[in-house]
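Written below as structure tokens is the structure these notes are about.
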Amino acid sequence: MSTSRGPSAVARRAIRTTLCACGAFYVCLYGLDRPVAATYALFAVVSMAALSRIPGTGGQRAAVLVRTLPAVWLLLTAGTFLAVRTWTAVAGMLVIGFAIAFVAAAGPRAAGAAPGLQLLYILPCFPPYAPDTLDQRLGGATFGLILLILAEKFVLPEPRGTTYRELAAGAAGTAARFAAELGRPPYTLPAAEVEAARKTGESLRPLHVEEAERPAGPGLRDRALAHTGLGARTLLGRLVILPPPPPGEPPHRTAQQLLETVGRTAAETGALLAGTGRATAEADALRRLREEVREAAARESQPVPEVRGRRRAALLEVADAAVAFATAAELAVRGRRAPLPPGTDSGRFWYAGRHAPRLWWHRLAAHAGPRSVHFQNAVRISLALAAARTLAGVESLPHGFWAMLAVLSLTRTTVSQTKATVRQALAGTLLGALLAAGVLALVGGHTTVYAVILPLVMLVAFTVGPVRGVGWAQGMFTLVVSFVFAQLAPVTWRLAGVRLMDVVIGSMVGVVFGLLAWPRGAQAELHRAVALLLAREAETVEATTAAVVAGRRDTDPDDRALQLALSLAESAYAQRQIEPRAPVAGAPDWQAAMITGHHVLWGSRRLLARAGPDLGPGNGERLGGRADGVAARMRGAAQRAATIPSADGARAADAAAVEPAAGTGECGDAAQVPEVVAPSEFFAAQAWLDSLTLDVERVLAPYRAPDPAGGDSTGSANSTGSTGAGAPRPPRSA
11 MSTSRGPSAV ARRAIRTTLC ACGAFYVCLY GLDRPVAATY ALFAVVSMAA LSRIPGTGGQ
71 RAAVLVRTLP AVWLLLTAGT FLAVRTWTAV AGMLVIGFAI AFVAAAGPRA AGAAPGLQLL
131 YILPCFPPYA PDTLDQRLGG ATFGLILLIL AEKFVLPEPR GTTYRELAAG AAGTAARFAA
191 ELGRPPYTLP AAEVEAARKT GESLRPLHVE EAERPAGPGL RDRALAHTGL GARTLLGRLV
251 ILPPPPPGEP PHRTAQQLLE TVGRTAAETG ALLAGTGRAT AEADALRRLR EEVREAAARE
311 SQPVPEVRGR RRAALLEVAD AAVAFATAAE LAVRGRRAPL PPGTDSGRFW YAGRHAPRLW
371 WHRLAAHAGP RSVHFQNAVR ISLALAAART LAGVESLPHG FWAMLAVLSL TRTTVSQTKA
431 TVRQALAGTL LGALLAAGVL ALVGGHTTVY AVILPLVMLV AFTVGPVRGV GWAQGMFTLV
491 VSFVFAQLAP VTWRLAGVRL MDVVIGSMVG VVFGLLAWPR GAQAELHRAV ALLLAREAET
551 VEATTAAVVA GRRDTDPDDR ALQLALSLAE SAYAQRQIEP RAPVAGAPDW QAAMITGHHV
611 LWGSRRLLAR AGPDLGPGNG ERLGGRADGV AARMRGAAQR AATIPSADGA RAADAAAVEP
671 AAGTGECGDA AQVPEVVAPS EFFAAQAWLD SLTLDVERVL APYRAPDPAG GDSTGSANST
731 GSTGAGAPRP PRSA
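Residue numbers for the sequence shown follow the numbering used here, beginning at 11 and rising by one.
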């Protein structure tokens, strides 16, 4: 179980939140007689501990809170001064609300902190306009957050789960074992090892990794760690499908040496990731040996027989995956201090040596458009908050920030999810308001009673709410805010009615903008983005193969369109994981489509950097036909991905999109194809196309499998990621 979920984790968080919120509130209100500071101290803690969902352990959350303190001061200051007029507050909400929400593109921690930061702007942007109290607002919020930082670090600390580096280190050990196994007769992996490869590859899928440990941020180390996981999965996949030497012939000495060096490099990389080693000598040796093998292949009399050419090309694919894995791991561990070795594809590791602001700008700029789910979410929430602020200002709603808090906490990325959430929230708020009204009527102005029962009510609210759902959360929070404001100023039972009215208004605003702004959430965008990605992959396959056939070398290809499509697809896929999914059939393996994009990108760059000479008409036609077949399969998968399946999800009508069309260049029975004699470049491109054929098979695997129980194919049981487990061997020739 994730350390951030489950009753025990919720209880620990509730205890920390209650201690800090009540402690800061009582010190400021009763100890210092500063009601403004008390209000901001309490809501700063509630914002960043209860409304925010920063993933990770207490220490990780504390680090995020320390980094957000300057942003908190800036937001409180801006909100205080923009409250001078309704129109300035609304304009600020549009701009600042969008900016805070859009920063979620930077990864799970930024996305988790965003709701709390939104509330810390909302709170001061309401009347009274009192810039003279800014020092109390800043002081109270800072005091509350300092207490929260200390509590996160030292009160009821949580154990840290398995890190992504540890998972990648385990995959490195598996790859080293595979390399040793493939160096011994019968030079293939047994079924048990193939299954181990599948499980290891699945463990590195972001969906199966705790949110706090996913390398999803824009920084250099996070980018490198994500490439490390992808490199590990690619290496495992290449080892699984490595063709054995011809029957009756021992493997060539150079081939054995290359495979042994791959194994030592994988073991060395695993030690580097695990923190038990710092050396990179084996990786450097593998880079040199890989180039020696390529140079020897170039000097060899051309053309070469198919058996030799195919195995050598497959071994070079393995070596390239191991080198990429080692390079990415070194960047992940050493950051900007890790220089790129000579000969490394600078396009693949473009982020090496870059400073954080530039990497952040690159991430945000890539999502600055209506096709990004992060952009869509930011537009939706900023418009809804601005509308709620307009209503609160025009209608002079008492405690109008509660309406905006309802918008913030109840608006979801799909309209159906928002409606369901609002129904539960209104029911819970109604019951909470009735109970609060009764208590307020009975207790009256005896603030001591509220001071005594507030910690208990708050503890129950923050313990029960996350476990029992939004209805309980809203009902209990209604009690919390009623008892808080009853200590700040004299109130009557009507305060509970004001709370209910504000939640109703905020809920309706959330539903309206959920309906108007991308009501289907990431579902439609995911289909569109993956369809575009597969189409871009097909274009790249055709263009790269044409360049290899013609002998055109390109050390700096323009593949920005493919990179952008890959980025948008990955962000849409990440959001789709947190949205409710109906049990429908008829969607590709999304993760496999994105892994295919990386393989297309990396392989294309590698082939173009070493293209030449012209392959000639015969081999050119064979390779072109093979590429046409792969591209046709990708376009068929793109066409299928673009279709959002209905609930009944009939598959038969789409069979044509899955099965290869006649004349697309797909291979038939290998026995019917004559032995090919061709230059080494031919077999290198063919090995790349063979691996992409397996990738596309995984993308389409859900269509051939029985309807998945969970629907929506976020990772079919028949899909193997990039490990190659369970997939057919590539055909002998094209």
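C-beta atoms are modelled at their ideal positions from N, C-alpha and C, and glycine is treated no differently.
Taking the alpha-carbon positions, what's the residue i to residue j distance?
i: Trp166; j: Arg304; result: For clarity, residue 166 is Leu in the given sequence; the question names Trp instead. Answer to the nearest angstrom: the Cα atoms are 57 Å apart.
i: Phe112; j: Arg364; result: 22 Å
i: Ala637; j: Leu544; result: 14 Å
i: Ala366; j: Pro228; result: 8 Å
i: Pro256; j: Val250; result: 17 Å
i: Gly561; j: Leu576; result: 28 Å
i: Thr184; j: Tyr197; result: 16 Å
i: Arg318; j: Gln267; result: 16 Å
i: Ala291; j: Pro349; result: 14 Å
i: Gly8; j: Gly410; result: With the chain running from 11 to 744 in the structure shown, residue 8 is simply not present.
i: Asp564; j: Pro351; result: 20 Å
i: Ala437; j: Ala396; result: 25 Å
i: Thr98; j: Val389; result: 18 Å
i: Gly678; j: Gly639; result: Legend: pLDDT at Gly678 = 37, less than 50; position of this residue unreliable, value from coordinates given subsequently. Gly678 and Gly639: Cα-Cα distance of roughly 11 Å.
i: Ala101; j: Arg170; result: 42 Å
i: Leu10; j: Ser356; result: Outside the displayed range of the chain (11 to 744) lies residue 10, so it cannot be described from this structure.
i: Gly607; j: Leu245; result: 16 Å
i: Ala461; j: Leu283; result: 51 Å
i: Glu691; j: Asp568; result: 21 Å
i: Arg347; j: Ala234; result: 13 Å
Can you tell me where the alpha helix (DSSP H) holding residue i begins and where it ends?
i: Thr290; result: No alpha helix (DSSP H) holds Thr290; DSSP gives it neither H nor E.
i: Ile515; result: 504–526
i: Phe91; result: 68–92
i: Glu278; result: 263–284
i: Trp600; result: 600–619
i: Val474; result: 457–478
i: Thr49; result: 45–55
i: Pro125; result: 118–132
i: Thr653; result: From DSSP, Thr653 is part of no alpha helix (DSSP H); its letter is neither H nor E.
i: Thr96; result: 96–112
i: Ala575; result: 570–586
Considering only residues of the same chain and omitting the five flanking positions on each side of residue i, which have a CB-CB separation below 7 Å?
i: Leu440; result: Leu510
i: His218; result: Glu212
i: Val474; result: Trp482, Met486
i: Ala24; result: Leu469, Phe472, Thr473
i: Leu86; result: Leu130, Pro134, Arg147, Leu148, Ala151
i: Arg530; result: Thr424
i: Glu191; result: Leu199, Glu203
i: Ala652; result: His537, Arg538, Ala541
Whose C-beta lies closer than 8 Å to the C-beta of residue i among residues of the same chain, with five residues either side of it excluded?
i: Ala662; result: Note that Ala662 has pLDDT 38, beneath the 50 cutoff, so the model's placement of it is unreliable and the number below is only indicative. Correct list: empty, nothing qualifies.
i: Arg26; result: Ala59, Gly68, Leu158, Ala161, Glu162, Val165, Leu166
Counting only the same chain and skipping the five closest in sequence on each side, list residues whose C-beta sits under 6 Å from that of residue i.
i: Val480; result: Thr431, Gln434, Ala435
i: Trp698; result: Gly613
i: Val94; result: Tyr139
i: Ala446; result: Thr488, Leu489, Ser492, Ala506
i: Gly516; result: Ala398, Ala413, Ala416, Val417
i: Ala451; result: Trp503
i: Ala619; result: Thr565
i: Thr90; result: Pro134, Pro141, Leu144
For this session: Answer yes if the region 366–373 comes into contact with the region 480–491, meaning at least three C-beta pairs across the two stretches below 8 Å, and no otherwise.
Result: no
Problem set entry | Segment contact flag, the region 28–38 with the region 168–175, C-beta cutoff 8 Å, min 3 pairs | Output reads no: the region 168–175 does not touch the region 28–38.
Problem set entry | Secondary structure, alpha helix (DSSP H): runs of 4+ residues fully inside the region 399–443 | 411–420
For this session: Any chance you could list the alpha helix (DSSP H) runs of at least 4 consecutive residues sitting entirely within the region 142–230, in chain order?
Result: 144–164, 174–192, 201–213
For this session: Check whether the region 263–275 touches the region 323–336, taking contact to mean three or more Cβ pairs, one atom from each stretch, closer than 8 Å.
Result: Because the criterion of three Cβ pairs below 8 Å is met, the region 263–275 and the region 323–336 touch.
Exercise. Should the region 500–515 be regarded as contacting the region 540–557, the criterion being three or more beta carbon pairs within less than 8 Å?
Worked result: No, the region 500–515 does not touch the region 540–557.
Problem set entry | Cβ pair count under 8 Å reaching 3, the region 421–440 against the region 453–473 | no
Exercise. Given 8 Å as the limit, is there contact between the region 180–195 and the region 210–218, that is, 3 or more CB pairs closer than that?
Worked result: yes
Exercise. Whole alpha helix (DSSP H) runs in the region 329–378 with 4 or more residues, listed along the chain?
Worked result: 366–376
Exercise. Taking one C-beta from the region 387–394 and one from the region 519–527 each time, how about it: are there three or more such pairs within less than 8 Å?
Worked result: yes
Exercise. Hey, is the region 76–88 in contact with the region 148–164, meaning 3+ C-beta pairs nearer than 8 Å?
Worked result: yes
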